[in-house]
């Protein structure tokens, strides 16, 4: 496997004002086994990137007022304070000292809850097959035995299981449940230092990547994802079916590997479209078949399982094929023909949701709650893909920065998030795993709505969008009462809402004055930048073809691509393996 250990870049691509489109393939984009898992890149500091975009946007934004008002100044100061709070998230230390004081009964109940949860995630009755739950169940009984050697990666999986299981039992926001994430990170160095890879490593890395996303550790999540991708390439899982299986037994064993591949293929497209990361898992026909719907141990799949499986497989494949086509035409990747291809792709995804009546299912109270949440997850995932795909295409000059397809998708994500976030979490604690509906999905959509509001000439055309965003912000504020680490994120969204509402109100006032005086709206002059004193080293005259939306784009890029928490988990510079 020495040919697979070439050094690979660890930095994510630099953001432009529009989402990057990076034509990359294969192992060259996976983290090197000799590179640190947790590294930071100061040149990508989101605070620095925001500064020039904030100034450019404020100086070029067209508003119906001739001078800044105290209300707008106050709103911008509040936004600046929220951004400062996000910056301070990088300073937490001593996060690894966590005591595990759980009774054997609660540990067992948590593992059982995790196993039950995995049966209803992604594709029902499929995801759980990827984990050795029996091993996790007996682990508490042998964990201190001097006669049993436990692979370090098992501890990472074990604490992941406790993290999800305790949240299922205790509900979101529980301190002990949340501390299990720190135990996961505490167990990582020994896992990375282990001399040998195991069959569980790929699944462990994939699950830990999602756990990091749930905890807003996006950059760390990306690196665990790369570790999982390295695993499937090192084990030739990405070419699993080039040579047919020799026996039925071998064929059955391949199914779990197929699911891991397709899961990573699906997640990889989200990293590409939402976080702007390079493509790592490149789709190629006839190399890895989809997992089987019928298996010897599962010959009677339910209608809901078949529906979820088929939809998931189809939108994963459609997205991978679209990205291949886009990257193969990279030299003219933003021309009219490519734009039409992306539009057609988005319409097909919308039709897929309609074909399987997925939105009807999530609103049907007679459908089991677990299935409703699972289908809602896939629906929002599809709409997030639509938003990300549209960002690949540069807007047509003098056109609306947010087209009708993107606007529909963004509104759907925001509304479904609200529909499935109750007080602010699901009423049933067993659904608390879906707490990320409010902590993750809104960031896939709200910035398209902000762009629409900023570009909207008639205040009445975007009033409902502002109200929708205000509802999302209020729900985020409630969610932050359960997750203290989410407070800065909620404050940022609510500060943006305040700015949007203030501009909306001023536009209305100016509209009334214009009706009376015939004076037309014009560009706002310079703001008082004392609110941004900490950004004084940045020029304010940089050109940007996407004016006046640079600020919103910059903030979106930061919220989705930066790992504000990477300084929280300083668990040593000895993480030399991925």
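Residue numbers (this note's numbering): 1186 to 1763. Note that CB positions come from ideal geometry on N, CA and C, so glycine has one too. Bear in mind that the values here come from a model prediction, so they are computed numbers and not experimental data.
Proximal residues to residue i (C-beta, below 6 angstroms), its chain only, five neighbours per side dropped
i, result
"residue 1318", "1300"
"residue 1347", "1295, 1365"
"residue 1632", "1737, 1741"
"residue 1392", "1345"
"residue 1355", "1362"
Nearest-angstrom Cα separation, counted from residue j out to residue i
i, j, result
"residue 1417", "residue 1295", "29 angstroms"
"residue 1673", "residue 1665", "9 angstroms"
"residue 1590", "residue 1377", "43 angstroms"
"residue 1555", "residue 1691", "44 angstroms"
"residue 1628", "residue 1619", "15 angstroms"
"residue 1495", "residue 1320", "31 angstroms"
"residue 1492", "residue 1479", "13 angstroms"
"residue 1560", "residue 1543", "7 angstroms"
"residue 1581", "residue 1367", "46 angstroms"
"residue 1600", "residue 1291", "36 angstroms"
"residue 1653", "residue 1408", "34 angstroms"
"residue 1660", "residue 1675", "9 angstroms"
"residue 1568", "residue 1597", "7 angstroms"
"residue 1693", "residue 1531", "34 angstroms"
"residue 1316", "residue 1579", "42 angstroms"
"residue 1424", "residue 1463", "20 angstroms"
"residue 1308", "residue 1461", "26 angstroms"
"residue 1419", "residue 1684", "50 angstroms"
"residue 1644", "residue 1687", "11 angstroms"
Whether residue i touches residue j by CB criterion (9 angstroms)
i, j, result
"residue 1385", "residue 1336", "yes"
"residue 1387", "residue 1302", "no"
"residue 1689", "residue 1636", "no"
"residue 1338", "residue 1389", "yes"
"residue 1624", "residue 1671", "yes"
"residue 1437", "residue 1481", "yes"
"residue 1450", "residue 1570", "no"
"residue 1537", "residue 1576", "no"
Exposure of residue i, with buried meaning 16 or more beta-carbon neighbours within 10 Å
i, result
"residue 1721", "Confidence at residue 1721 is low in this model, with a pLDDT of 36, below 50, so its placement is unreliable and the value that follows should be read with caution. Per the 10 Å Cβ criterion, exposed."
"residue 1642", "exposed"
"residue 1584", "exposed"
"residue 1501", "buried"
"residue 1604", "exposed"
"residue 1658", "buried"
"residue 1595", "buried"
"residue 1333", "exposed"
"residue 1553", "exposed"
"residue 1634", "buried"
"residue 1566", "buried"
"residue 1507", "buried"
"residue 1371", "buried"
"residue 1402", "buried"
As assigned by DSSP and simplified to three states, the class of residue i
i, result
"residue 1483", "strand"
"residue 1214", "Note that residue 1214 has pLDDT 41, beneath the 50 cutoff, so the model's placement of it is unreliable and no number is given."
"residue 1573", "helix"
"residue 1601", "helix"
"residue 1453", "helix"
"residue 1358", "coil"
"residue 1477", "coil"
"residue 1463", "coil"
"residue 1631", "helix"
"residue 1289", "helix"
"residue 1375", "helix"
"residue 1578", "coil"
"residue 1335", "coil"
"residue 1222", "Its pLDDT being 48, under 50, residue 1222 is placed unreliably by the model, and the measurement read from it follows with that caveat. The answer is coil: DSSP assigns residue 1222 none of H, G, I, E or B."
Contact set for residue i: own chain, Cβ-Cβ below 7 angstroms, skip 5 residues either direction
i, result
"residue 1426", "1472, 1473, 1474"
"residue 1369", "1341, 1344, 1345, 1348, 1393, 1396"
"residue 1572", "1591, 1594, 1595, 1629, 1630, 1633"
Sequence-distant residues of its chain with Cβ nearer than 8 angstroms to residue i (five each side left out)
i, result
"residue 1678", "1627, 1631, 1654, 1657, 1658, 1661"
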